[in-house]
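Student: Let me begin by handing over the structure; questions about it come next.
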DNA sequence: GCGACAG
DNA sequence: ATCTTGTCGC
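Numbering (the working numbering), first residue to last: 188 to 415.
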């Protein structure tokens, strides 16, 4: 399993090496639909950090929810020392390792994972969601609460959207999921088209700004940090 | 050279 | 990401 993964994804020595690894992963990225026609289970991924922690720990969480009821079907968390610092544009190298550990122990696997971070709406088209998706070979969607690059402002009503543009090309969709709340920035992660990604996110929102799978993952990651 | 900058 | 209560608005 780990044998056919890019050689540098785990511990790049420096930014230049990380960039090269992203280029390798970008070459494997699939931006078209290649997932079940009917999504029965939705996954959520998130990582929380401990402020001023000398051990530099990260607390990752992966959850699987029943797509129709939002009922939790499985949860896995992993706490470990971050082996890579937070550098805008290279978040995957900091968070993916712990998320892989979660995936290994997740008893019920989702059809697609909603990731708290950018997908292709990234300087080199390889945000956290793409990174996780390519390494796992699983469909993923990037759902960010703020921008890394690009611009686009949707109308005020839930469901309103605007193309997320950057340097003359479309990299995602700025989506209003709740009135009077900042938009969400949805982009392709892996094996999902942008249109499908947006439809899935909207379908998991239900009146709240952040879709249920990510809210659940966020709660699980915080529990892991505050608990033991 | 000066900002901007997911989590 | 994290530090933090009440408060304004739909």
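Beta carbons: idealized from backbone N, C-alpha and C, even for Gly. Keep in mind it's a predicted model, so treat the numbers as computed, not measured.
1. Pick out the complete beta strand (DSSP E) segments inside the region 192–222, 3 residues or longer, and give them in chain order.
2. Bridge partners for residue 225 per DSSP, in chain order?
3. Closer than 7 angstroms by C-beta to residue 343: which residues in its own chain qualify, once you throw out the five before and the five after it? Chain order, please.
4. Which of the three DSSP states is assigned to residue 386 in this structure?
5. Any idea what DSSP makes of residue 373, helix, strand or coil?
6. Tell me which same chain residues have a C-beta within less than 8 angstroms of the C-beta of residue 228, skipping the five on either side of it?
7. Give me, in chain order, the residues of the same chain whose beta-carbon lies closer than 7 angstroms to that of residue 320; leave out the 5 immediate sequence neighbours on both sides.
8. Which parts of the region 254–302 are runs of the alpha helix (DSSP H), unbroken and 4 residues or longer, counting only runs that do not cross its ends?
9. Taking DSSP as the reference, what is the three-state secondary structure of residue 408?
10. Check whether the Cβ atoms of residue 405 and residue 303 sit closer than 8 angstroms, and answer yes or no.
Tutor: Considering the structure as presented:
1. Those beta strand (DSSP E) runs which fall completely within the region 192–222 and span 3+ residues do not exist here.
2. Looking up residue 225 in the first chain gives position 38. The partner list for residue 225 (beta bridge, DSSP) is empty, contrary to what the question assumes.
3. Position 156 of the first chain, counting from 1, holds the residue named residue 343. 363, 366, listed in sequence order.
4. Numbered from 1 along the first chain, position 199 holds the residue referred to as residue 386. In the three-state reduction of the DSSP assignment, residue 386 falls in the helix class.
5. As a first step, residue 373 must be located in the first chain, where it is residue number 186. In the three-state DSSP reduction, residue 373 falls in the strand class (E or B).
6. Within the first chain, numbered from 1, the residue matching residue 228 stands at position 41. Cβ contact annotation for residue 228 (same chain, cutoff 8 angstroms, sequence separation greater than five): 251, 252, 253, 254, 260, 295, 296, 297, 298, in chain order.
7. For this step, residue 320 is matched to residue 133 along the first chain. Closer than 7 angstroms at the Cβ level, and outside the excluded window around residue 320, lie 326, 327, 376, 377, 378.
8. DSSP assignment within the region 254–302 yields the following whole alpha helix (DSSP H) runs of 4 residues or more, N-terminal first: 278–292.
9. As a working mapping, residue 408 is identified with position 221 in the first chain. Residue 408 falls in the helix class under three-state DSSP.
10. Here residue 405 is taken as the residue at index 218 of the first chain, counted from 1. Here residue 303 is taken as the residue at index 116 of the first chain, counted from 1. For residue 405 and residue 303, yes; Cβs fall inside 8 angstroms.
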